[in-house]
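Asker: After the structure tokens below, expect a handful of questions from me.
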Amino acid sequence: MPNLRIAMCQINTVVGDLDGNVRRIFDALDVAEAAGAQLAVFPEMTITGYPPEDLVLKPGFIRDSQAALDRVAARTGAENGAGTGNCAVVVGFADGPDVRNAVAVCARGQVHGTYHKRHLPNYQVFDEMRYFRPGDDPHTLYDVGGVRIGLSICEDAWVAGGPLPQLGAGGAHLVLNINGSPFRSGKMHTRAQVLAERVAEGSAPIAYVNLVGGQDELVFDGGSMIVDHEGQVVVRAEQFAEQTVVADVFVPDVVPEAPLYPVVAVTPDSRPGPADAPATVAPLLDRLPELYEALVVATRDYVHKNGFTDVTLGLSGGIDSSLVCAIGADALGPEHVHGVLMPSRFSSDHSITDAQALADALGIDQRIIEIEPGHAAFLDMLKPSFGDLEPDVTEENIQSRVRGVLLMALANKFGWLVLTTGNKSEAAVGYSTLYGDTAGAYACIKDVYKLTVYELSRYVNERHGREIIPARVITKPPSAELRPDQRDDQSLPPYEQLDPLLEAYIEGDATRAELIEQGFEPDMVQRICRLVDISEFKRRQTPLGARVTTKAFGRDRRLPITNGYRG
Numbered sequence: 429m430p431n432l433r434i435a436m437c438q439i440n441t442v443v444g445d446l447d448g449n450v451r452r453i454f455d456a457l458d459v460a461e462a463a464g465a466q467l468a469v470f471p472e473m474t475i476t477g478y479p480p481e482d483l484v485l486k487p488g489f490i491r492d493s494q495a496a497l498d499r500v501a502a503r504t505g506a507e508n509g510a511g512t513g514n515c516a517v518v519v520g521f522a523d524g525p526d527v528r529n530a531v532a533v534c535a536r537g538q539v540h541g542t543y544h545k546r547h548l549p550n551y552q553v554f555d556e557m558r559y560f561r562p563g564d565d566p567h568t569l570y571d572v573g574g575v576r577i578g579l580s581i582c583e584d585a586w587v588a589g590g591p592l593p594q595l596g597a598g599g600a601h602l603v604l605n606i607n608g609s610p611f612r613s614g615k616m617h618t619r620a621q622v623l624a625e626r627v628a629e630g631s632a633p634i635a636y637v638n639l640v641g642g643q644d645e646l647v648f649d650g651g652s653m654i655v656d657h658e659g660q661v662v663v664r665a666e667q668f669a670e671q672t673v674v675a676d677v678f679v680p681d682v683v684p685e686a687p688l689y690p691v692v693a694v695t696p697d698s699r700p701g702p703a704d705a706p707a708t709v710a711p712l713l714d715r716l717p718e719l720y721e722a723l724v725v726a727t728r729d730y731v732h733k734n735g736f737t738d739v740t741l742g743l744s745g746g747i748d749s750s751l752v753c754a755i756g757a758d759a760l761g762p763e764h765v766h767g768v769l770m771p772s773r774f775s776s777d778h779s780i781t782d783a784q785a786l787a788d789a790l791g792i793d794q795r796i797i798e799i800e801p802g803h804a805a806f807l808d809m810l811k812p813s814f815g816d817l818e819p820d821v822t823e824e825n826i827q828s829r830v831r832g833v834l835l836m837a838l839a840n841k842f843g844w845l846v847l848t849t850g851n852k853s854e855a856a857v858g859y860s861t862l863y864g865d866t867a868g869a870y871a872c873i874k875d876v877y878k879l880t881v882y883e884l885s886r887y888v889n890e891r892h893g894r895e896i897i898p899a900r901v902i903t904k905p906p907s908a909e910l911r912p913d914q915r916d917d918q919s920l921p922p923y924e925q926l927d928p929l930l931e932a933y934i935e936g937d938a939t940r941a942e943l944i945e946q947g948f949e950p951d952m953v954q955r956i957c958r959l960v961d962i963s964e965f966k967r968r969q970t971p972l973g974a975r976v977t978t979k980a981f982g983r984d985r986r987l988p989i990t991n992g993y994r995g
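In the working numbering, the protein residues as written are 429 to 995.
Laid out in structure tokens, this is it:
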């Protein structure tokens, strides 16, 4: 029974930062070598970051990616004074000139071979057919310390009868599957199930190595794992944490003695380092902690990777802004969050005190700017045009737009980034003001339905062990407070009815007729589906935000704005 000491290097890359990503690889490799690893495995497209999108259409970027790979290969040579020469490296990069999503095997100062991803996903958030050519080279195995390794990339593992069982039948002791697999709720269980299915089809044990961190609207949750020959998870890294997990993997002799594929000798049959590296299985996060951590990581990385340190947001005393404020404080530290209370004549006293209580509990900077002077100035300017027309939603929206102007001015002046506070329920039906509460840079809860906002708000208090979000914020009826005694349920059905309908229409792609068959009230179906359809133009003009469901607005759901279909 051969064994291999493997390091799963779950790192947080930055798309396009080739030099920085190489440094991150070297840092993880230092840890792997110090632990006596014979093989260090990195995620999909580690060198370029994932997804690189149209960067890979630039020939210069591909050349630079390949040059960065050469630096990684050189690092594996003992003669350079840094490496031991005993640790092979498997790392993702962009290969060219006919652009491929690739993985390279590096050791002893050189690249010993590459593999090109065969199955390119072109659904949901993935557009790989736009960028890459699928791999078509015959399989090759790589001998690392006496263990035959097979290579695969992400989607290759999701295809029944694909590369993984082929490699198992062809003589691999262990199959590596490197990934840039984005988070959605519950996906960790799905991944483990898929890998178990591949083993049941004949794959050798699988080492699955995933990215971690945020990239625009995507967030990668890590959770790298090793699945044994029985389909059981025997090693697992933490979720949402940069981590180099080193473990001894014992590979059973259940493969053909004479492999069917060519075998490239990579490193000698060296024994692992001085101490044992026992397998550890990190526990999976429960639903709410997992979701909250995804939002925190996505927000932190969007802010920091774009060169910002501080954020600002409007604090209304409502539940959405309270949750976003808590996420910002947990992501960046309370000293980097600036809350702005912008009351109007319609703001209730408890909204102001609730917002202040939240800010005090989090320890963030807070300030109050009354919007009445700005609102009145706009009404005076518009009076000659409006004449004697009765006030309506126009005047309400001006309040929201004044607030947007104030937040953007503060962000401009102090170099902050504006977090918007809209949720998925509101975005779906257009319950927002374009260029008002949608003005900003990042919408961290834009893929979170309102009912889940309530759940997460209760979780925030549980997480901190004290009341961060005031109980009244969680229990009072939600309101935009743009007119006297306004409540959300005057314009929308109760969220207990609205959210299930939205989820069935958006994530489930149900037609109006199918929704009615499912038991939703016909008039509500027609009204809500119409609101969703006509609000596409608004959603196209709102900031990006963390994608946490199976179908988020934006990358996942791309419908025409000019659209006459009402099915």
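Glycine included, every Cβ here is placed at the ideal spot set by N, Cα and C.
1) In angstroms with no decimal places, state the Cα-to-Cα distance between residue 715 and residue 649.
2) If you drop the 5 nearest sequence neighbours on each side, which residues of the same chain put their C-beta closer than 7 Å to that of residue 561?
3) By the 10 Å Cβ neighbour count, where 16 or more other Cβ atoms means buried, how is residue 616 classified, buried or exposed?
4) Here's the rule: buried if 16 or more other CB atoms are within 10 angstroms of the residue's CB, otherwise exposed. What is residue 865?
5) Ignore the nearest five residues each way along the sequence and tell me which others in residue 876's own chain have a CB closer than 6 Å to its CB.
6) Have a look at residue 631 and residue 433 and give me their C-alpha separation to the nearest angstrom.
7) For residue 693, list the residues DSSP reports as bridge partners.
8) Measuring only the C-alpha atoms, how far is residue 898 from residue 784?
9) Let me confirm a value: residue 976 is counted as buried when at least 16 other C-beta atoms fall within 10 Å, else exposed. Which label applies?
10) To test your reading of the DSSP string, which unbroken alpha helix (DSSP H) runs of 4 or more residues are found completely within the segment 475 to 558?
11) Please classify residue 757: does DSSP put it in a helix, a strand, or coil?
12) Taking DSSP as the reference, what is the three-state secondary structure of residue 581?
13) As a quick exercise: from 831, 840, 610 and 470, pick the residue whose alpha carbon is nearest that of residue 849.
14) Just to confirm the assignment, what range does the beta strand (DSSP E) spanning residue 956 have?
15) Would the beta-carbon of residue 580 fall within 9 Å of that of residue 438?
16) How do the segment 764 to 773 and the segment 791 to 809 stand: do at least 3 beta-carbon pairs fall below 8 Å, yes or no?
17) Taking Cβ to Cβ, would you say residue 719 is nearer than 9 Å to residue 754?
18) Check each candidate in 501, 926 and 544 and name the one with the smallest Cα separation from residue 878.
19) Nearest by alpha-carbon distance to residue 696: which of 730, 708, 467 and 711 is it?
20) Helix, strand or coil for residue 443 per DSSP?
21) Any idea what DSSP makes of residue 915, helix, strand or coil?
22) Starting from residue 638, follow its DSSP beta bridges and name the residues at the other end.
23) Going by C-alpha distance, which of 578, 670, 940 and 689 is nearest residue 635?
24) Taking only the alpha-carbon atoms, compute the straight-line gap between residue 660 and residue 935 and give it to the nearest angstrom.
25) Where does residue 984 land, buried or exposed, given buried means 16+ other C-beta within 10 angstroms?
26) According to DSSP, residue 438 sits in a beta bridge with which residue or residues?
27) Confirm, please, whether the CB-CB distance from residue 465 to residue 515 is below 9 Å.
28) Grouping DSSP H, G and I as helix and E and B as strand, with all else coil, what is residue 888?
29) What separation, rounded to the nearest whole angstrom, lies between the Cα atoms of residue 509 and residue 839?
30) Quick one: what does DSSP say residue 738 is sitting in, helix, strand or coil?
31) Out of 992, 807 and 671, state which residue places its alpha-carbon closest to the alpha-carbon of residue 459.
32) Would residue 929 and residue 943 be called neighbours here (beta carbons separated by less than 9 Å)?
33) If you reduce the DSSP assignment to three classes, tell me which class residue 657 lands in.
34) Pick helix, strand or coil for residue 863, following the three-state DSSP scheme.
Answerer: In this structure, then:
1) For the purposes of this step, residue 715 is identified with residue 287 of the sequence shown, where counting begins at 1. For the purposes of this step, residue 649 is identified with residue 221 of the sequence shown, where counting begins at 1. Each residue's Cα considered, the two are about 13 Å apart.
2) Sequence index remark: in the sequence shown, residue 561 carries index 133 (1-based). Around residue 561: 526, 527 and 528.
3) Locating residue 616 in the sequence shown gives position 188, where the first residue counts as 1. Around the Cβ of residue 616, a 10 Å sphere holds 16 or more other Cβ atoms; the residue is buried.
4) To locate residue 865, count along the sequence shown from 1; it is residue 437. Residue 865 should be labelled buried.
5) Numbered from its first residue, the sequence shown carries residue 876 at position 448. Result list for residue 876: 851 and 852, in chain order.
6) Residue mapping note: residue 631 aligns to position 203 of the sequence shown, counting from 1. Residue mapping note: residue 433 aligns to position 5 of the sequence shown, counting from 1. For residue 631 and residue 433, the distance between alpha carbons rounds to 20 Å.
7) As a working note, residue 693 is residue 265 in the sequence shown. Partner(s): 571.
8) For the purposes of this step, residue 898 is taken as residue 470 along the sequence shown, with counting starting at 1. For the purposes of this step, residue 784 is taken as residue 356 along the sequence shown, with counting starting at 1. The straight-line gap from Cα to Cα measures roughly 10 Å.
9) The residue given as residue 976 occupies position 548 in the sequence shown. Counting Cβ neighbours within 10 Å, residue 976 comes out buried, since at least 16 surround it.
10) 487 to 503
11) For the purposes of this step, residue 757 is taken as residue 329 along the sequence shown, with counting starting at 1. In the structure shown, residue 757 sits in a helix (DSSP, three-state: H, G or I).
12) Indexing the sequence shown from 1 puts residue 581 at position 153. Residue state, collapsed to three classes: strand.
13) Position 421 of the sequence shown, counting from 1, holds the residue named residue 849. Here the closest residue by C-alpha is 831.
14) The residue given as residue 956 occupies position 528 in the sequence shown. Looking at the DSSP string, residue 956 is not in any beta strand (DSSP E); the run it does join, the alpha helix (DSSP H), is 950 to 962.
15) Position 152 of the sequence shown, counting from 1, holds the residue named residue 580. Position 10 of the sequence shown, counting from 1, holds the residue named residue 438. No; because the gap between Cβ atoms is not below 9 Å, this pair is not in contact.
16) yes
17) Residue 719 sits at position 291 when you count from the first residue of the sequence shown. Residue 754 sits at position 326 when you count from the first residue of the sequence shown. No, Cβ-Cβ distance for residue 719 and residue 754 is not below 9 Å.
18) Working through the sequence shown from its first residue, we reach residue 878 at position 450. In this structure, 926 is the residue among 501, 926 and 544 with its C-alpha nearest to the C-alpha of residue 878.
19) Within the sequence shown, the letter at position 268 stands for residue 696. That would be 467, whose Cα lies nearest to the Cα of residue 696.
20) Taking the first residue of the sequence shown as position 1, residue 443 is located at position 15. Assignment of residue 443 by DSSP, reduced to helix, strand and coil, places it in the coil class.
21) Here residue 915 corresponds to residue number 487 of the sequence shown, with the count starting at 1. Of the three classes helix, strand and coil, the one that applies to residue 915 here is coil, per DSSP.
22) On the sequence shown, residue 638 is found 210 positions in, with the first residue counted as 1. DSSP, once it has assigned bridges, lists 607 as partnering residue 638.
23) The count along the sequence shown starts at 1 and reaches residue 635 at position 207. Among 578, 670, 940 and 689, the Cα nearest to that of residue 635 is on 578.
24) Stepping through the sequence shown from its first residue, residue 660 is reached at position 232. Stepping through the sequence shown from its first residue, residue 935 is reached at position 507. Between residue 660 and residue 935, the C-alpha separation is close to 31 Å.
25) Position 556 of the sequence shown, counting from 1, holds the residue named residue 984. Looking at its Cβ environment, which holds 16 or more other Cβ atoms inside 10 Å, residue 984 is buried.
26) Position 10 of the sequence shown, counting from 1, holds the residue named residue 438. Residue 438 pairs with 671.
27) Within the sequence shown, the letter at position 87 stands for residue 515. Within the sequence shown, the letter at position 37 stands for residue 465. Contact: yes.
28) Against the sequence shown, residue 888 aligns to sequence position 460. Looking at residue 888 - three-state DSSP - the assignment turns out to be helix.
29) Position 81 of the sequence shown, counting from 1, holds the residue named residue 509. Position 411 of the sequence shown, counting from 1, holds the residue named residue 839. For residue 509, the predicted structure reports a pLDDT of 45, less than 50, and the residue's modelled location is therefore unreliable. A value from the coordinates is still provided. Answer to the nearest angstrom: the Cα atoms are 47 Å apart.
30) Residue 738 sits at position 310 when you count from the first residue of the sequence shown. Looking at residue 738 - three-state DSSP - the assignment turns out to be coil, as it is neither helix nor strand.
31) Residue mapping note: residue 459 aligns to position 31 of the sequence shown, counting from 1. The candidate whose alpha carbon is nearest that of residue 459 is 671.
32) In the sequence shown, residue 929 corresponds to position 501, counting from 1. In the sequence shown, residue 943 corresponds to position 515, counting from 1. Yes. Within cutoff.
33) Along the sequence shown, read from residue 1 onward, the residue named residue 657 stands at position 229. DSSP places residue 657 outside both helix and strand once states are collapsed to three, so it counts as coil.
34) Start at 1 with the first residue of the sequence shown, and residue 863 comes out as number 435. Residue state for residue 863 is assigned as coil, using DSSP reduced to three classes.
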